[in-house]
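One structure is given below, encoded as structure tokens.
Numbering (the numbering used here), first residue to last: 6 to 181.
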């Protein structure tokens with residue numbers, strides 16, 4: 006495993022798992038959100054694709070992000086595609102927990118700095134509402150795209166619970 010792509014809904018564990026894999030395997034790590042969202046706003050799609058294309062042309066990498074529109078430049082180039090397909094109830098619980106930590110000032114991430122109560126929970130386009138909507142709408146499309154990626158010879162790992170994700174990560178970190 007020299008090229009790993011991880012995707013899944015918000016709060017599914019993409020960052021935690023990808024950072025641990027990156028450190029353990031000695032591979033460079035990229036969070037696609039850090040490329041897309043700049044201090045000057047959102048990067049235009051063509052610039053975003055170009056930057057991600059440059060990163061995934063490398064010989065080794067761990068890339069995390071929920072951008073299936075970049076499947077051709079991330080997923081199709083990976084040795085392993087990890088789909089964190091956790092239950093909606095767990096995703097909602099994790100989003101609420103993470104948002105509360107961020108709103109309480111216990112997280113200094115870029116996302117935490119932009120977060121408000123409205124943006125987290127109450128707005129029409131709140132993180133919580135958007136996550137639920139995307140979860141319901143995108144899963145069938147993801148299943149098809151993942152099958153297409155597997156048909157290209159990419160090993161696909163679909164993790165359907167927090168426990169399964171923890172066990173898979175432990176096996177990778179132990180070298181088994």
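Glycine included, C-beta positions come from ideal geometry on N, C-alpha and C.
So residue i is in the alpha helix (DSSP H); what residue range does that whole segment cover?
| i | result |
| --- | --- |
| residue 139 | 132-156 |
| residue 102 | 93-108 |
| residue 75 | Looking at the DSSP string, residue 75 is not in any alpha helix (DSSP H), and its letter there is neither H nor E. |
| residue 31 | Here residue 31 belongs to no alpha helix (DSSP H), and DSSP marks it neither H nor E. |
| residue 167 | 167-179 |
| residue 59 | 50-61 |
Throw me the rounded Cβ distance for the residue i and residue j pair, which I believe falls under 8 Å.
| i | j | result |
| --- | --- | --- |
| residue 86 | residue 167 | About 19 Å separates the two Cβ atoms, so there is no contact after all. |
| residue 147 | residue 93 | With a Cβ gap of about 14 Å, residue 147 and residue 93 do not count as contacting. |
Taking the beta strand (DSSP E) that residue i falls in, what are its first and last residues?
| i | result |
| --- | --- |
| residue 8 | 8-12 |
| residue 163 | 160-164 |
| residue 36 | 34-36 |
Return helix, strand or coil for residue i, following the three-state DSSP convention.
| i | result |
| --- | --- |
| residue 90 | coil |
| residue 44 | coil |
| residue 69 | strand |
Buried or exposed: residue i, going by 16 or more other Cβ atoms within 10 Å of its Cβ?
| i | result |
| --- | --- |
| residue 45 | exposed |
| residue 122 | exposed |
| residue 49 | exposed |
| residue 19 | buried |
| residue 13 | buried |
| residue 164 | buried |
Cβ contact check for the region 173-181 and the region 13-26: 3 or more pairs under 8 Å: yes
Sufficient close CB pairs (3 or more, under 8 Å) joining the region 59-74 to the region 33-43: Yes, they touch.
Three CB pairs or more closer than 8 Å across the region 132-141 and the region 92-110: yes
The region 153-168 in contact with the region 73-82 per 3-pair CB rule at 8 Å: yes
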